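Quick notes on the structure that follows.
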Amino acid sequence: MTAALAIRSVLELAFIGLLLYGFLKEDKIIAFERRIYRILFVNYRRYKRKKLYAKMQKARAFRVYEGGSPKKASGGSVHVA
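Written as structure tokens, this is what we have:
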């Protein structure tokens, strides 16, 4: 028996065991999959929102605010509430 055949046999037995476990505990596996999906979906939404806020902050950084410039702005400044 070679090492490759032994490893293959162990992997086949592990696959059969996991398959049987999946059939017996199907409801728990489905709940786990849904939980993982929710976690990934929520984190993706947070990532997109964070990226959008960073883009908005970067756009705001280029505006000239009244009193924020060392030179006196001549009527073209933006008032911030």
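Under the numbering used here, the letters of the sequence shown match residues 905 to 985, in that order.
From the three backbone atoms N, C-alpha and C, an ideal C-beta is built for every residue, glycine too.
Model, not experiment: these values are computed from the prediction.
For Lys932, is the beta carbon positioned less than 8 Å from some heavy atom of the ligand MG? Ligands in the displayed structure: none, and consequently the ligand MG is not present.
From Ile933 to Ala963, what does the alpha carbon distance come to, in whole angstroms? Along the sequence shown, one-based indexing puts residue 933 at 29. Along the sequence shown, one-based indexing puts residue 963 at 59. Whole-angstrom Cα-Cα distance: 45 Å.
Rounded to a whole number of angstroms, what is the C-alpha to C-alpha distance between Ile920 and Leu909? Here residue 920 is taken as the residue at index 16 of the sequence shown, counted from 1. Here residue 909 is taken as the residue at index 5 of the sequence shown, counted from 1. Their Cα atoms are separated by approximately 16 Å.
State the DSSP-derived secondary structure class of Met960, mapped to helix, strand or coil. Taking the sequence shown and counting its residues from 1, one reaches residue 960 at position 56. Met960 falls in the helix class under three-state DSSP.
Secondary structure at Lys929, three-state DSSP: helix, strand or coil? The residue you call residue 929 lines up with position 25 of the sequence shown. Residue state, collapsed to three classes: coil.
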